[in-house]
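Read through the structure below, which is laid out as C-alpha cells, and then see the notes.
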Amino acid sequence: MSASPFASVAVEDLSSEQAKQELLFLAQEISLHDKLYHGNDAPVISDGEYDALRKRNEAVEKQFPELILENSPSKNVGAAPVSGFSKVTHARPMLSLGNAFADEDVTDFLDRVRRFLGLTDNEPVEVMAEPKIDGLSASLRYENRKFVQGATRGDGAVGEDITQNLMTLDDIPKTLPDDAPDVIEIRGEVYMAREDFFSLNKSQEEKGEKIFANPRNAAAGSLRQLDSKITASRPLRFFGYALGDTSEQIAPSVSEMRERFQSWGFQLNEPAKLCRNEQEILDHYKLIGETRADLPFDIDGVVYKVNRVDWQDRLGMVSRAPRWAIAHKFPAEQAETTLREITIQVGRTGALTPVAELEPITVGGVVVSRATLHNEDELGRKDIRVGDHVIIQRAGDVIPQVVRVNLEKRPADSVVYEFPHTCPECGSHAERPEGEAVRRCTGGLICPAQVVERLKHFISRDALDIDGLGAKNVEAFWKDGLIKSPADIFRLEEKKQELRDREGWGAQSVKKLFDAIANRQEVELNRFIYGLGIRQIGQATAKLLAKNYLSLENLRKNIEMAKDEESDAFTNLKNIDQIGPSMIQDLIDFFTDDNNQALLDDLASQIIIKEYEVKETSSPVTGQTVVFTGTLVEMTRSEAKARAEELGAKVSGSVSKKTDYVVVGADAGSKEKKARDLGLNILSEEEWIALISGATKNENTKSTLETENNNDIASSQNSEDQGQKDLFSD
Ligand code: IVH
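Heads up: the sequence shown runs through residues 2 to 731, numbered per our numbering.
Have a look at this one:
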C-alpha cells in the first residue's frame, strides 16, 4: 500500500490544501482496493488496513466538509459493484456424468440402455469410449460461424462468461467453415498438459508466485482470470467432445460428430475407440488404464457414450446426467495408516455417522486425515478398532473410505468399539428403528449439530446457493448466536457492526457477504423445498413437488390436508409417480411440525419464493395427468413415462377422477376398468403417439432437458450423505 504524503499528520493539524490532496489520494486508493478485492478476488491489503483508510477518509471529511469529493468513497460504503464475470444461462444445461467403478457397473449401464430402448439381446449397442480428461468443462457458442461466447459449466444451468479468456486459446477456432450450422455450441474440456504444468510451476516459483497443486488447479486458476492477458500467458488447451445447442443436427453418431469437430479445427481426445460390445469396451478401458502415464495429460477414467444420436435423444437424462453416457473411473488409490480415534458425526437429519480420525497420509496426491466408516453395522462387520492399522482408499472426489483392517498389526490390547446410544452433540437418546441401518439422534432442533447441518444444507449449492456465506461461516455465526435459523441469514444486516468487528472481517468482506445474500433473496421453489432438508426429499423429488404444487403456500396447505388419508389431498400426493408412502410420511411429519411451520412463516417473510414456472411447450399434454397401463409395443414403459414428462405431463401410477388420459396397452387390467367406470379419456398406444407427435423434442428443447426423474442412475446421492461430504471437504 502506498502511503499518503500526509499520513503522519494528525487530522486536526492538516491545512486545507493538504486535506484536499489527502482526500484525493484516499479516494483513489480505496477505489483501487475495492477493485482488487471484489473484481479480482485478490486483495493486497488486510481488512484492517482497508478499514483504516476508510476511517481516515471519514475523519478528514468531518474536519473539512467543504472538501468532500463528488466521488467520495463515503458515498458508496463498501462500494464498487462486483465486477467479476457476468452470468450466462446455458441454452441447454451442461450435464455431469454418472460413475461406474466396477465392470458390473458397465454391464448395468448397457443393460439399462437396452431396457430403456426395449432392444433385443442381439441388437448391438455401439459405444464410443474416450478418455475422461481432468480439466474444466466449457461451452463455446458460434453464431454464423463466429465464436461469440464461451462459458464455464457453473451449476450446469448458469455459468460464467469467460469469452475473452477462451479467445486466447490456440486450440479454439475463432471461426468455423461454411459447412457448420448457423448456431452451434461445442462443449469440451479446457486442460493443461502435464509438461506445461511443470514448467508453469517452475516459472511461478522463480517469480515467487503461486504454485499449483495439480494440472487441473493450474488450468482452473489460469482460466478464471479477470485479466485475459494472464490467461493468454498460460499454456491452456482444449478438447471438443460434445454438442450443446445447435440449429441443425450435425451428425447421426458420436463418431461422425467427432470427425466434423476435427474438420472444423478442434482437437479430439484420444485414444478413443468405437466399441461394438462390452468386451471391446472393457479392453479399451484396460488399455487406456495401462498407458495412462504415457498420455501427455491427466485423465481419471474413460467416458462411454451410446454412439447413435437418435438413441441418445430417446434416452434423455436423469438427475442432471445423460442416460446415454457414463464415466468409468480408474480404481481408487489405497494406502495404510493408523486409526487414532473414532468420532461420531451428527448429520442434518440426526444420523450418527462414525468417522475414522487417521494419522495423516497422502493418497493419490491428497493428504487424508479422516475417512468415513459409514454406519454402525459396517463398523461392526469390519471390526474396526481404535489403534488399528487400516487400509484406506480414495477415488476421485468421493469421500475416503476405510476398506479393511490389517489384522497382523492389531495391538494386543485393542478393544471392540462400542457404538454410542446417545448423541455426542446434545446427549439425547439415539435410536435405531428396526430394519434401518442408521442410528439417529432424537434431539431434533435442540441438537446443535442438526441445526447447523440444516443451515449448511439450506445455503448449499443445489439449495439456496449462497456461495459467499459458506459452511464455515455458518458454523461460526451459529456458535456466536448471529444465526439461529435460516431466516436469520436474511436478517444479518441488522448485525452489521458485530460482523465488522469480527476478527478477519471488515467493511469490505461484510459488504461482499451482504451482496451474496441479497442476490439469493429470490429463490426457485424447487431449490427452496430441497433446501429444507426434509428426509428423503432430494433434488429430483423437490422438483416433482414444485411442479405439482406450484407454490409453497399450496404445497403446505396440501401436505397438511394429506394428514387425512381419506382426503383428496392425500390421494393426489400418493398419485404422484415416484412418491411412496414413507416419503409421504416424512413430508407430513415435516410440514405439520410446529417448529417447522414457524420456520416457514419466518422465511416467507424474509425471502421471495418464486412460483414454479410451467415451461412453455407446444405439447397438448402439458400439465395433464397421464397413467400408463398394460404392455406397450412402440416403446418401453420407462421411455413412455420419460417422454410424457418431457412434454410437461404428470405421470401418475394410479387412476383417479383427476386423471386426464389413461394410455392402455395390451393386457391392461383393473386400471383400465376403473378408468372406464370413471368415464375417463382412454387412449390406445397409437392414439397417444398421435396426440404427442408433432410436439417433437427439438421444439421443446428446454422442457426436454430439464425433465428429471429418479429412476435409475446410481449417482443420485442420499441427501444425508451430501451433508457429510460438506464436512469432509471443509
Ligand atoms: S461428455 C453429457 N466426454 O467430465 C455429457 N465429458 O464428470 C457431457 N469430461 O462435465 C460430457 N472428459 O467436464 C464428456 N470425453 C469426455 C470427457 C468429459 C471429461 C468431463 C466433463 C463433464 C465431466 C463429468
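By construction, the Cβ of each residue, glycine as well, lies at the ideal position given by its N, Cα and C atoms. Just so it is clear, the structure is predicted and the values come from calculations on it, not from any experiment.
Quiz prompt | Segment contact, 8 Å Cβ cut-off, at least three pairs: the segment 296-312 with the segment 125-134 | solution = yes
Quiz item: DSSP on PRO361, reduced to helix/strand/coil?
Solution: In the sequence shown, the residue the question calls residue 361 occupies position 360. Of the three classes helix, strand and coil, the one that applies to PRO361 here is strand, per DSSP.
Quiz prompt | ASP246 - DSSP class collapsed to helix/strand/coil | solution = Mapped onto the sequence shown, residue 246 falls at position 245. It is a strand residue.
Quiz item: Measuring from the CB of TYR733, is there a heavy atom of the ligand IVH at a distance below 6 Å?
Solution: Nothing can be reported for residue 733: it is not among the residues displayed for the chain, which extend from 2 to 731.
Practice problem: Give a single yes or no on whether PRO272 has its beta carbon closer than 6 Å to a heavy atom of the ligand IVH. | Solution: Stepping through the sequence shown from its first residue, residue 272 is reached at position 271. Every heavy atom of the ligand IVH is 6 Å or more from the Cβ of PRO272, so no.
Exercise. Can you grab the Cα-Cα spacing for the pair ALA92 / ASP112, in whole Å?
Key: On the sequence shown, position 91 is the one that residue 92 refers to. On the sequence shown, position 111 is the one that residue 112 refers to. Taking the straight line joining both Cα atoms gives about 31 Å.
Quiz item: How many angstroms separate the CA atom of ARG441 from the CA atom of ALA352?
Solution: Sequence index remark: in the sequence shown, residue 441 carries index 440 (1-based). Sequence index remark: in the sequence shown, residue 352 carries index 351 (1-based). Taking the straight line joining both Cα atoms gives about 4 Å.
Exercise. Let me know the alpha helix (DSSP H) ranges lying completely inside the segment 568-615, each 4 residues or longer, listed in chain order.
Key: 569-576, 582-593 and 595-607
Self-check item: Per-residue burial, ASP389 [other beta carbons within 10 Å of its own, 16 or more giving buried]
Solution: Locating residue 389 in the sequence shown gives position 388, where the first residue counts as 1. Looking at its Cβ environment, which holds 16 or more other Cβ atoms inside 10 Å, ASP389 is buried.
Self-check item: Bounding residues of the beta strand (DSSP E) (the contiguous stretch that carries GLU732)
Solution: Outside the modelled stretch of the chain, which goes from 2 to 731, sits residue 732, for which no answer is possible.
Quiz item: Are ILE212 and ASN202 closer than 7 Å when you measure CB to CB?
Solution: Taking the first residue of the sequence shown as 1, we reach residue 212 at position 211. Taking the first residue of the sequence shown as 1, we reach residue 202 at position 201. Closer than 7 Å, so yes.
Quiz item: Can the beta-carbon of TYR192 be found closer than 7 Å to that of GLY136?
Solution: Working through the sequence shown from its first residue, we reach residue 192 at position 191. Working through the sequence shown from its first residue, we reach residue 136 at position 135. Cβ atoms of TYR192 and GLY136: closer than 7 Å.
Exercise. Can you say whether VAL310 is buried or exposed, counting buried as having 16 or more other CB atoms within 10 angstroms of its CB?
Key: As a position in the sequence shown, residue 310 is number 309, starting the count at 1. So VAL310 counts as buried.
Self-check item: Beta-bridge pairing of HIS329 - partner residues as DSSP gives them
Solution: On the sequence shown, residue 329 is found 328 positions in, with the first residue counted as 1. DSSP, once it has assigned bridges, lists ALA101 and VAL303 as partnering HIS329.
Quiz item: In its own chain, which residues sit with a C-beta less than 8 Å from the C-beta of ILE693, not counting the 5 before and 5 after it?
Solution: Sequence index remark: in the sequence shown, residue 693 carries index 692 (1-based). Hits under 8 Å: SER620, PRO621, VAL622, ARG644, ALA645 and LEU648.
Quiz item: My guess is that ARG146 and ALA181 are in contact by the Cβ rule of under 8 Å, so how many angstroms apart are they, rounded?
Solution: Numbered from 1 along the sequence shown, position 145 holds the residue referred to as residue 146. Numbered from 1 along the sequence shown, position 180 holds the residue referred to as residue 181. With a Cβ gap of about 5 Å, ARG146 and ALA181 count as contacting.
Quiz item: Given that a residue counts as buried once 16 or more other Cβ atoms are within 10 Å of its Cβ, and exposed if not, what is GLN313?
Solution: Counting from one through the sequence shown, the residue named residue 313 turns up at place 312. Buried.
Quiz item: Which residues in the same chain have their Cβ closer than 7 Å to the Cβ of ILE589, if we skip the five residues on either side of it in sequence?
Solution: As a working note, residue 589 is residue 588 in the sequence shown. Only ILE560, ALA563 and LYS564 meet the Cβ criterion.
Quiz prompt | Boundaries of the beta strand (DSSP E) in which TYR143 is found, first to last residue | solution = For the purposes of this step, residue 143 is taken as the residue at position 142 of the sequence shown. 137-144 is the span of the beta strand (DSSP E), which, as asked, contains TYR143.
Quiz item: Between the Cα of ASP179 and the Cα atoms of PRO272, GLY680, LEU681 and ARG261, which residue gives the shortest distance?
Solution: Here residue 179 is taken as the residue at index 178 of the sequence shown, counted from 1. Checked all of PRO272, GLY680, LEU681 and ARG261; the closest Cα to ASP179 is ARG261.
Quiz item: Nearest to SER73 by alpha carbon, out of ILE31, TYR51 and VAL89?
Solution: Residue 73 sits at position 72 when you count from the first residue of the sequence shown. Closest option to SER73, Cα to Cα, is ILE31.
Quiz item: What did DSSP end up calling GLY160 once you bin it into helix, strand or coil?
Solution: Taking the first residue of the sequence shown as 1, we reach residue 160 at position 159. It is a strand residue.
Practice problem: Indicate the three-state DSSP secondary structure (helix, strand or coil) for LYS564 in the structure shown. | Solution: Position 563 of the sequence shown holds residue 564. Here LYS564 sits in coil by DSSP.
Quiz item: Taking the C-alpha atoms as reference points, what is the distance between VAL634 and LEU224?
Solution: As a working mapping, residue 634 is identified with position 633 in the sequence shown. As a working mapping, residue 224 is identified with position 223 in the sequence shown. Distance between the alpha carbons of VAL634 and LEU224 is about 50 Å.
Quiz item: So which of GLY436, MET168, LYS611 and GLU196 has the shortest CA-CA distance to ASP378?
Solution: Here residue 378 refers to the residue found at position 377 of the sequence shown. Looking at the Cα atoms, GLY436 is the closest of the given residues.
Quiz item: Could you give the residue range of the beta strand (DSSP E) that holds GLN346?
Solution: Locating residue 346 in the sequence shown gives position 345, where the first residue counts as 1. 334-347 is the extent of the beta strand (DSSP E) around GLN346.
Quiz prompt | Assumed close pair LYS544, ASN520 - CB separation to whole angstroms, cut-off 8 Å | solution = If you number the sequence shown from 1, residue 544 lands on position 543. If you number the sequence shown from 1, residue 520 lands on position 519. Between ASN520 and LYS544 the Cβ distance is about 22 Å, and since that is not below 8 Å, they are no contact.
Quiz item: Just checking, does the segment 277-284 make contact with the segment 95-114 on the three C-beta pairs under 8 Å criterion?
Solution: yes
Quiz prompt | Beta-bridge partners of TYR192, as assigned by DSSP | solution = The residue given as residue 192 occupies position 191 in the sequence shown. BP columns for TYR192 point to ARG238.
Quiz item: Can you give the Cα-Cα distance for GLY85 and ALA53, rounded to whole angstroms?
Solution: Within the sequence shown, the letter at position 84 stands for residue 85. Within the sequence shown, the letter at position 52 stands for residue 53. Each residue's Cα considered, the two are about 25 Å apart.
Exercise. State the Cα-Cα distance for the pair ILE163 and THR153, rounded to the nearest angstrom.
Key: On the sequence shown, residue 163 is found 162 positions in, with the first residue counted as 1. On the sequence shown, residue 153 is found 152 positions in, with the first residue counted as 1. The alpha-carbon atoms of ILE163 and THR153 are separated by roughly 7 Å.
Quiz item: Taking all protein chains shown into account, do 16 or more other C-beta atoms lie within 10 angstroms of the C-beta of PHE198, making it buried, or fewer, making it exposed?
Solution: Taking the first residue of the sequence shown as 1, we reach residue 198 at position 197. Flag for PHE198 reads buried.
Exercise. Report buried or exposed for LEU98, applying the criterion of at least 16 other Cβ atoms within 10 angstroms of its Cβ.
Key: Here residue 98 corresponds to residue number 97 of the sequence shown, with the count starting at 1. So LEU98 ends up on the buried side.
Quiz prompt | Secondary structure of ARG405, DSSP reduced to three states | solution = Within the sequence shown, residue 405 is the residue found at index 404, counting from 1. Strand at ARG405.
Self-check item: Unbroken stretches of the alpha helix (DSSP H), 4 residues or longer, contained in the segment 515-559
Solution: 526-532 and 540-550
Quiz item: For GLU687 versus GLY666, is the C-beta distance shorter than 7 Å?
Solution: If you number the sequence shown from 1, residue 687 lands on position 686. If you number the sequence shown from 1, residue 666 lands on position 665. No, Cβ-Cβ distance for GLU687 and GLY666 is not below 7 Å.
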